[in-house]
Amino acid sequence: MDNVYFCSKHPSDEQLSEAARFFSANYGVWGQSAVENMGPAMKARARVKISPKLLRKKILPESRDNTFISVTRGGNLIGILFATKWTQ
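Here it is as C-alpha cells:
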C-alpha cells in the first residue's frame with residue numbers, strides 16, 4: 001500500500017475536522033504544570049484536544065501563509081502536519 005500525500009495552503013472544513021480528530025487522539029498530553037498554571041480545569045495526563053473551529057482560527061487562519069499536509073495509507077489518515085508563517 002502506498003502513502004498518499006495531500007498539501008494545501010487552506011484545507012477544507014472536512015480536512016480540518018479529520019485533522020482535529022487525529023490531533024486530539026494522537027498528540028499531546030497535559031502535564032502537571034498545566035494544572036498549576038492554568039487551573040483545575042486542566043487535567044494532568046489528559047489528551048490535549050483541539051476543535052476544527054479552533055484549528056482554523058488560531059493555527060491555520062485564512063489570512064496567513066499556511067501549509068497543511070496530510071498522509072493517508074489505504075484510505076486511513078496516518079499523519080498530519082500544519083504550519084503557519086506569522087508576520088509582524
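Position 78, counted from 1, in the sequence shown is what the numbering used here calls 78; the numbers after and before it change by one each time, with no gaps. Idealized CB from N, CA, C, for every residue including glycine. Since we're looking at a predicted model, the values are computed, not measured.
Classification of Ala-19 by the beta-carbon crowding that lies within 10 angstroms, buried from 16 upward:
With 16 or more Cβ atoms within 10 Å of its Cβ, Ala-19 is classed as buried.
With a cut-off of 8 Å on the beta carbons, I'd call Ser-70 and Lys-49 a contact; round off their distance for me.
That belief does not hold up - the Cβ atoms of Ser-70 and Lys-49 are roughly 18 Å apart, past 8 Å.
Are there three or more Cβ pairs, one per stretch, closer than 8 Å when the segment 71-79 is compared with the segment 45-61?
Short answer: they don't touch.
Short check: CB of Leu-60 to CB of Phe-22, under 8 Å?
No, Cβ-Cβ distance for Leu-60 and Phe-22 is not below 8 Å.
Would you call the CB atoms of Trp-30 and Ala-44 closer than 8 Å?
Less than 8 Å divides the Cβ of Trp-30 from the Cβ of Ala-44.
Can you say whether Leu-81 is buried or exposed, counting buried as having 16 or more other CB atoms within 10 angstroms of its CB?
Exposed, because fewer than 16 other Cβ atoms sit within 10 Å of the Cβ of Leu-81.
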